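J.:
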Amino acid sequence: MTQTPAPPGWSCNERDLDTEDYWSANGDGQAMVQEYGLGKAVPIMCRTGGDVLILIEAGSKLYLWNPIDQCLWEITQKGSREKIVGMIGEPDGIINLEKELAKPK
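Sequential numbering of the sequence shown, starting at 846, is according to my numbering.
If you want it as structure tokens, here you go:
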């Protein structure tokens, strides 16, 4: 998988994403993946500011997950991952992004 550069205020750094703990086999990230039946999911980038959001790719779909309030949003916006990441980096980008609240399986 090729890495998409993160916009300002976001990070693709594995340490920021906490891939060794949070996304390990027994981590909270994988527990959410199982709860929602996403199959294999990979964290793409996370917010570096005060709020907590993680962009996740599972199959051919992208999701925004807030691990604090346990909300998972499926991104329904048309376009490539690069286009969606670009939109996320724009002012009000997340607000304007087409998405639907996902339901646990």
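Note that the Cβ used here is the ideal one computed from N, Cα and C, for glycine as well.
Computed from a predicted structure; not experimentally measured.
Nearest-angstrom Cα distance between Cys919 and Thr864?
T.: The residue labelled residue 919 in the question sits at position 74 within the sequence shown. The residue labelled residue 864 in the question sits at position 19 within the sequence shown. Per the sequence shown, the amino acid found at residue 919 is Glu instead of Cys. Going by the C-alpha atoms only, they are around 21 Å apart.
J.: Suppose you measure from the CA of Gly904 to the CA of Val887; what does that come to, to the nearest Å?
T.: In the sequence shown, the residue the question calls residue 904 occupies position 59. In the sequence shown, the residue the question calls residue 887 occupies position 42. Their backbone Cα atoms lie some 9 Å apart in a straight line.
J.: Measure the C-alpha to C-alpha separation of Arg860 and Lys928 and round it to an integer number of angstroms.
T.: Numbered from 1 along the sequence shown, position 15 holds the residue referred to as residue 860. Numbered from 1 along the sequence shown, position 83 holds the residue referred to as residue 928. Taking the straight line joining both Cα atoms gives about 24 Å.
J.: Per DSSP, what kind of secondary structure is Val887 in: helix, strand or coil?
T.: As a first step, residue 887 must be located in the sequence shown, where it is residue number 42. The answer is strand: DSSP assigns Val887 an E or B state.
J.: Determine the direct distance from the alpha carbon of Lys923 to that of Pro850, and round the result to whole angstroms.
T.: Position 5 of the sequence shown, counted from the first residue, corresponds to residue 850. Position 78 of the sequence shown, counted from the first residue, corresponds to residue 923. Taking the straight line from one Cα to the other gives about 19 Å.
J.: Do you know how far the Cα of Met890 is from the Cα of Leu862?
T.: Mapped onto the sequence shown, residue 862 falls at position 17. Mapped onto the sequence shown, residue 890 falls at position 45. C-alpha separation (whole angstroms): 7 Å.
J.: Assign Val897 to buried or exposed, taking buried as 16 or more other Cβ atoms, counted over all protein chains shown, within 10 Å of its Cβ.
T.: On the sequence shown, position 52 is the one that residue 897 refers to. Classification for Val897: exposed.
J.: May I have the straight-line CA-CA distance separating Ile940 from Ala870, to the nearest angstrom?
T.: Your numbering for residue 940 matches position 95 in the sequence shown. Your numbering for residue 870 matches position 25 in the sequence shown. Answer to the nearest angstrom: the Cα atoms are 32 Å apart.
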